[in-house]
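Notes for the one structure printed next.
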Amino acid sequence: MSTDDSNSLPSIPSAIPTVLTTSPASSPRTPFFSPLPTLTENPDDEKPWATRHRRRRSLVVDILSPITIRSSAGNADDVLPRHSPGAPNALMKPDQAFLPGQPKSLEGIAIRSFCLGITLALSAAGMLLILFLTASPLWRLPFFFGALSTFHFLEFWTTAKYNTSVARIDSFLLTANWPAYAIAHMTASFECLLTKLLLPNRAWAPFYSGHILLLLGFILVFVGQSARSLAMAQAGPSFNHTIQRKKKDDHDLVTTGVYSFLRHPAYFGFFYWGIGTQLVLGNPICFVGYAIVLWRFFASRVRSEEGDLVRFFGDDYTDYKKRVGTGIPFIR
């Protein structure tokens, strides 16, 4: 070693000649040490514990963090977890018809079904309590409400099960032919209530046939309801609560089952169901009124509907009409 060690630079090891270099001649003020070159990271090199921990944490956060799925409208609020079951369907919009206030509103269907179920339960309880605890004939009134709630529930249920595509809130028929339909049932209820309260011992049935007419009323209610529900089930997509002026692809002429001996079994069922309820209620005035109104309604409806059916099915329906009757008096 030289004796003038204090004035000379330390010797640079030859092992790293590429790291420490002299400054370029063109830049006399450049620092003696140039920037260190970027070293390629070897994944097998041992890293400090903190660094490894941060890397693992970043991986976990990246996997579990939510991802943003934007719809075509660019809604930035549609954020779902990466592994959420709803993530694949995030781009799908619900059918507007099932939303509240729409024709097929699930909320509206649930509320009406719940109310009809409560009405049926209260009607059954009230009828049994009156029968077992009193001698009053007022048990007929809760029976009427129970029959009504059963009818309207089955209207929707059979439609939803056998003709699902057209099932909607209107399928309950709660507001059909409004307000005439509601007025008819209110009038029947008031006649039963007033006569049973004011004249509980009155016998209006001729020749003391009250019990026979009561039994006949029960039979008509049961047969009428069964015929209508069965007709709707067997017709399936070919049945609709509204007259169809245009033939659909799935509209077939059904002539089997109950249709083999009744040309319009759904109309037959409602006609006899209606007059049967009035026999059970013991309403002579409403019995006559129901019979006249229902007969006129179905006579007009059959005449209007069969014009379209002949146009849809031609001679097939004409032959069917000649062969099978309606079962309703004076409607051929």
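Quick note on our numbering: the sequence shown kicks off at 101 and runs consecutively. Built from N, CA and C at the ideal position, the CB exists for glycine as well. None of these values were measured; they are calculated from a predicted model.
The alpha helix (DSSP H) that contains residue i, what's its start and end?
i: S329; result: G310 to A335
i: F412; result: P384 to F413
i: P365; result: P365 to L381
i: A288; result: A280 to L298
DSSP three-state label for residue i, please.
i: A260; result: helix
i: W304; result: coil
i: G425; result: coil
i: R212; result: helix
i: G246; result: helix
i: S205; result: coil
i: D270; result: helix
i: F339; result: coil
i: L452; result: The structure shown does not extend to residue 452, since the chain is modelled only from 101 to 432, so the question has no answer here.
i: L241; result: helix
Just how far apart, CA to CA, sit residue i and residue j?
i: G414; j: A305; result: 47 Å
i: R268; j: F256; result: 8 Å
i: G217; j: L381; result: 22 Å
i: F198; j: L294; result: 43 Å
i: L379; j: L298; result: 19 Å
i: D352; j: A247; result: 31 Å
i: F430; j: T250; result: 29 Å
i: D419; j: H364; result: 15 Å
i: F253; j: D408; result: 29 Å
i: F290; j: K348; result: 43 Å
i: P384; j: P200; result: 42 Å
i: N277; j: T287; result: 16 Å
i: G357; j: K261; result: 18 Å
i: S236; j: K296; result: 8 Å
i: I319; j: H341; result: 25 Å
i: E405; j: L228; result: 42 Å
i: T259; j: N301; result: 43 Å
i: R396; j: D416; result: 27 Å
i: F307; j: L313; result: 11 Å
With a cut-off of 8 Å on the beta carbons, I'd call residue i and residue j a contact; round off their distance for me.
i: L362; j: V424; result: 7 Å
i: K317; j: G376; result: The displayed chain sequence assigns Gly, not Lys, to residue 317. Contact flag correct, Cβ pair sits at about 5 Å.
i: V393; j: A221; result: Rounded, the Cβ-Cβ distance is 30 Å, inconsistent with contact.
i: F245; j: S213; result: Wrong, their Cβ atoms sit about 16 Å apart, outside the cutoff.
Counting pairs of Cβ atoms below 8 Å between the stretch 227-239 and the stretch 268-281, do you hit three or more? Flag = no, the stretch 227-239 and the stretch 268-281 do not touch.
Determine, using beta-carbon pairs with one atom in the stretch 364-372 and one in the stretch 325-340, whether at least three such pairs fall under 8 Å. Three or more Cβ pairs drawn from the stretch 364-372 and the stretch 325-340 lie within less than 8 Å of each other, which places the two stretches in contact.
Counting Cβ pairs, one atom from each stretch, are 3 or more of them under 8 Å apart for the stretch 205-213 and the stretch 327-341? Touching, no, given that fewer than three Cβ pairs across the two stretches are closer than 8 Å.
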